Amino acid sequence: TQQQNNQQQPPAPTNPNGIPKPKPLVSSTHEWKRLQHHANEVIAPSHLRTMIQDPNRCSSMYATHDGVYFDYSRQQATLETMDLLFDLAEKRE
């Protein structure tokens, strides 16, 4: 919620010298492994020519921000791909 987002973040963990510990690599997260599995099992065997035959694809795979229209329907991705990417991004915040 908005109220939770306004709360102050706890300080980053530090080593004994007071230097912040680095975050684990993104490739070591569960979210990355789910995305990698999806890429190998769903996306790799798919062809964009087949994907764009879906009539709902163009109306569901776009975003707008600040007056700019982003159309990612012509990318080799699915709505599940986007959900997995958002999960990964949220994990890294």
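Numbering (the numbering used here) for the sequence shown: 39 to 131.
Just so you know, even glycine gets a beta-carbon here, dropped at the ideal spot from N, CA and C.
If you're wondering where the values come from, they're calculated on a predicted model, not measured in any experiment.
Return the CA-CA distance between residue i and residue j, expressed in angstroms with no decimal places.
i, j, result
"Arg-87", "Asn-53", "51 Å"
"Leu-73", "Val-80", "10 Å"
"Cys-96", "Leu-126", "24 Å"
"Lys-71", "Val-64", "10 Å"
"Ala-101", "Tyr-107", "6 Å"
"Glu-152", "Gly-105", "The structure shown does not extend to residue 152, since the chain is modelled only from 39 through 131, so no value can be given for it."
"Ser-66", "Tyr-110", "27 Å"
"Pro-51", "Leu-122", "27 Å"
"His-103", "Glu-128", "19 Å"
"Asn-94", "Pro-60", "42 Å"
Nearest CA to the CA of residue i: which residue from the options?
i, options, result
"Ser-98", "Asp-104, Ile-90, Gly-105", "Ile-90"
"Phe-124", "Glu-69, Tyr-110, Thr-102", "Glu-69"
Which one or two residues does DSSP pair with residue i in a beta bridge?
i, result
"His-68", "Note: His-68 sits in no beta bridge, so no partner."
"His-103", "Val-106"
"Pro-58", "Thr-52"
If the criterion is Cβ atoms closer than 8 Å, does the pair residue i and residue j meet it?
i, j, result
"Thr-119", "His-75", "no"
* Asked: Taking contact to mean at least 3 C-beta pairs separated by less than 8 Å, is the segment 75–94 in contact with the segment 110–129?
  -> yes
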